[in-house]
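J.: Numbering (the UniProt record's numbering), first residue to last: 1 to 309. What follows is a structure written as structure tokens; I'll ask about it next.
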């Protein structure tokens, strides 16, 4: 699997390709993670002490549905944190995933004020910026399976209604849990499984917007692929032709729906021929997409030359 990391600032720059070889053995590897080098803290600083306190207390703040949040300190030394377990995992799996995340993220982001790590079963984020209720897209991950469906048109026609239905169910889930999973029949006797989730601090409109913006990328990024996912700090979705979630999930209290306003995501590089995980950081709302595309062409030209050498 090829892992690419990059930043979108006022320009887009290719950082590096790397393989993670020296990570704490006690915890499994993250699907993806990000350490924000823009702001660091020093050893034994007030920020570090607040971070230590925050991550120690965080696992005790469970809402009862796998959502955790904790803030410690004031001003520039304030640490905010959230953790979200996948809505279908049991409390023991959730607790284990969160504990692994705390150790792993501190290990691989040893002095960064902002960091986020994704496992299959949970995510953990901490920052000196506000997290709760924020829908700013500062970082996201997408991945696509390498294989295409036998009939792409029929596959997409079955997939989109499934994901839209799950989006509506999750967004209306109330302040404790915004999660939905399900399946539908696809072409050639296949079954398509889907899962969506938002952090429950989002409003129904915010959750709907976040998921709709992500799901809208299916036809662009994953067109016909038999599996794909997008992970953001505040919402995520995944679909596949193999079952990847548990059969029993918590009930979601219904609430009135509101009309959505899709949230836009930056475009990915062209031509995904294998399983990719693409990490972006966005620090401006003004993005030159033509420049991004041109620079991605240079990146992949460089990759092709380097890997063929």
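Positions of the beta carbon are idealized from the N, C-alpha and C atoms, including for glycine. Source: prediction; values computed, not measured.
1. Give me the DSSP bridge partner(s) of residue 125.
2. Please classify residue 130: is it buried, with 16 or more other beta-carbons within 10 angstroms of its beta-carbon, or exposed?
3. Are residue 102 and residue 124 close, meaning C-beta to C-beta below 9 Å?
4. Counting pairs of beta carbons, one from the segment 139 to 152 and one from the segment 165 to 181, are three or more of them closer than 8 Å?
5. Between the C-alpha atoms of residue 135 and residue 234, what's the straight-line distance to the nearest angstrom?
6. Is it buried or exposed for residue 221, if we count other Cβ within 10 angstroms and need 16 for buried?
7. Can you find the residues in the same chain that come closer than 6 Å, C-beta to C-beta, to residue 184, ignoring five residues on each side of it along the sequence?
8. Using alpha carbons as the reference points, say which of 232, 240, 190 lies closest to residue 82.
9. Per DSSP, what kind of secondary structure is residue 291 in: helix, strand or coil?
10. So for residue 174, helix, strand or coil by DSSP?
11. Please report how far the alpha carbon of residue 91 lies from the alpha carbon of residue 62, in whole angstroms.
12. Here's a check: name, in chain order, each residue in its chain whose Cβ is nearer than 6 Å to the Cβ of residue 227, leaving out the five neighbours to either side.
13. Which stretch, first to last residue, makes up the alpha helix (DSSP H) that contains residue 101?
14. To the nearest angstrom, how far is it from the Cα of residue 247 to the Cα of residue 171?
15. Could you please give the first and the last residue of the uninterrupted alpha helix (DSSP H) stretch that includes residue 243?
16. So, at 8 Å on beta carbons, what are the nonlocal neighbours of residue 110 in its own chain, with the 5 sequence-adjacent residues on each side left out?
17. Please work out which residues of its chain come closer than 8 Å, Cβ to Cβ, to residue 242, disregarding the five sequence neighbours upstream and downstream, and give them in chain order.
18. I need the boundaries of the alpha helix (DSSP H) containing residue 69, first residue and last residue.
19. For residue 196, count neighbouring Cβ atoms within 10 angstroms of its own Cβ and tell me buried if that reaches 16, exposed if not.
20. Between residue 209 and residue 201, what straight-line distance do the alpha-carbon atoms span, to the nearest angstrom?
21. For residue 60, count neighbouring Cβ atoms within 10 angstroms of its own Cβ and tell me buried if that reaches 16, exposed if not.
22. With H, G and I counted as helix, E and B as strand and the rest as coil, what does DSSP make of residue 157?
23. So residue 128 and residue 76 are supposed to be a Cβ contact under 8 Å. How far apart are they, rounded?
24. If you measure between the beta carbons of residue 73 and residue 155, is that distance less than 9 Å?
25. Short check: CB of residue 212 to CB of residue 167, under 9 Å?
26. Can you give the beta carbon distance from residue 214 to residue 237, rounded, assuming they're within the 8 Å contact cut?
27. Looking at residue 198 and residue 114, is the spacing between their C-beta atoms short of 9 Å?
28. Please check the pair residue 126 and residue 30, which I expect to be a contact at CB under 8 Å, by giving their CB distance rounded to whole angstroms.
29. Rounded to the nearest angstrom, how far is the Cβ of residue 47 from that of residue 79, given a contact under 8 Å?
30. With residue 197 as the anchor, note down where its beta strand (DSSP E) starts and where it stops.
31. Helix, strand or coil, according to DSSP, for residue 252 in the structure here?
T.: Let me lay it out:
1. As a position in the chain shown, residue 125 is number 125, starting the count at 1. DSSP, once it has assigned bridges, lists 82, 116 as partnering residue 125.
2. In the chain shown, counting from the first residue as 1, residue 130 sits at position 130. Classification for residue 130: exposed.
3. Counting from one through the chain shown, the residue named residue 102 turns up at place 102. Counting from one through the chain shown, the residue named residue 124 turns up at place 124. In contact: residue 102 and residue 124 (Cβ atoms closer than 9 Å).
4. no
5. The sequence position of residue 135 within the chain shown is 135, counting from 1. The sequence position of residue 234 within the chain shown is 234, counting from 1. If I take the Cα positions, the gap works out to 7 Å.
6. As a position in the chain shown, residue 221 is number 221, starting the count at 1. Buried, because 16 or more other Cβ atoms sit within 10 Å of the Cβ of residue 221.
7. Numbered from its first residue, the chain shown carries residue 184 at position 184. Excluding residues within five positions, the ones whose Cβ falls inside 6 Å are 158, 162, 192.
8. Position 82 of the chain shown holds residue 82. Closest option to residue 82, Cα to Cα, is 232.
9. Within the chain shown, the letter at position 291 stands for residue 291. Because the pLDDT of residue 291 is 46, which lies under 50, any placement of that residue in the model is unreliable, and the question is left without a value.
10. The residue you call residue 174 lines up with position 174 of the chain shown. It is coil, neither helix nor strand.
11. Counting from one through the chain shown, the residue named residue 91 turns up at place 91. Counting from one through the chain shown, the residue named residue 62 turns up at place 62. Between residue 91 and residue 62, the C-alpha separation is close to 10 Å.
12. Working through the chain shown from its first residue, we reach residue 227 at position 227. So the list reads 145, 240, once near-sequence residues are dropped.
13. Here residue 101 is taken as the residue at index 101 of the chain shown, counted from 1. Here the alpha helix (DSSP H) through residue 101 covers 91 to 108.
14. For the purposes of this step, residue 247 is identified with residue 247 of the chain shown, where counting begins at 1. For the purposes of this step, residue 171 is identified with residue 171 of the chain shown, where counting begins at 1. Between residue 247 and residue 171, the C-alpha separation is close to 20 Å.
15. For the purposes of this step, residue 243 is taken as the residue at position 243 of the chain shown. First-last for residue 243: undefined, no H or E at that position.
16. In the chain shown, counting from the first residue as 1, residue 110 sits at position 110. Nothing meets the Cβ criterion.
17. Against the chain shown, residue 242 aligns to sequence position 242. Around residue 242: 193, 227.
18. Numbered from 1 along the chain shown, position 69 holds the residue referred to as residue 69. Where residue 69 is concerned, there is no enclosing alpha helix (DSSP H), although the beta strand (DSSP E) it sits in stretches over 67 to 72.
19. On the chain shown, position 196 is the one that residue 196 refers to. The residue in question, residue 196, is buried, as its Cβ has 16 or more Cβ neighbours within 10 Å.
20. Within the chain shown, numbered from 1, the residue matching residue 209 stands at position 209. Within the chain shown, numbered from 1, the residue matching residue 201 stands at position 201. Rounded to the nearest angstrom, the two C-alpha atoms are 14 Å apart.
21. Here residue 60 is taken as the residue at index 60 of the chain shown, counted from 1. Residue 60 is exposed by the Cβ-count criterion.
22. Looking up residue 157 in the chain shown gives position 157. In this structure, residue 157 counts as helix in the three-state DSSP scheme.
23. The residue labelled residue 128 in the question sits at position 128 within the chain shown. The residue labelled residue 76 in the question sits at position 76 within the chain shown. Their Cβ separation, rounded to whole angstroms, is 7 Å, which keeps residue 128 and residue 76 in contact under 8 Å.
24. Counting from one through the chain shown, the residue named residue 73 turns up at place 73. Counting from one through the chain shown, the residue named residue 155 turns up at place 155. No, they are not a contact pair.
25. As a working mapping, residue 212 is identified with position 212 in the chain shown. As a working mapping, residue 167 is identified with position 167 in the chain shown. Yes, the Cβ-Cβ distance between residue 212 and residue 167 is below 9 Å.
26. Locating residue 214 in the chain shown gives position 214, counting from the first residue. Locating residue 237 in the chain shown gives position 237, counting from the first residue. At roughly 6 Å, the Cβ-Cβ gap stays under 8 Å, so residue 214 and residue 237 are in contact.
27. Taking the chain shown and counting its residues from 1, one reaches residue 114 at position 114. Taking the chain shown and counting its residues from 1, one reaches residue 198 at position 198. Contact flag unset, no.
28. To locate residue 126, count along the chain shown from 1; it is residue 126. To locate residue 30, count along the chain shown from 1; it is residue 30. The Cβ separation is near 14 Å, so there is no contact.
29. Residue 47 sits at position 47 when you count from the first residue of the chain shown. Residue 79 sits at position 79 when you count from the first residue of the chain shown. The Cβ separation is near 7 Å, so the contact holds.
30. If you number the chain shown from 1, residue 197 lands on position 197. Taken as a continuous stretch (DSSP letters only), the beta strand (DSSP E) holding residue 197 covers 191 to 198.
31. Locating residue 252 in the chain shown gives position 252, where the first residue counts as 1. A caution first: residue 252 carries a pLDDT of 44, below 50, which makes its placement in the model too unreliable to give a value.
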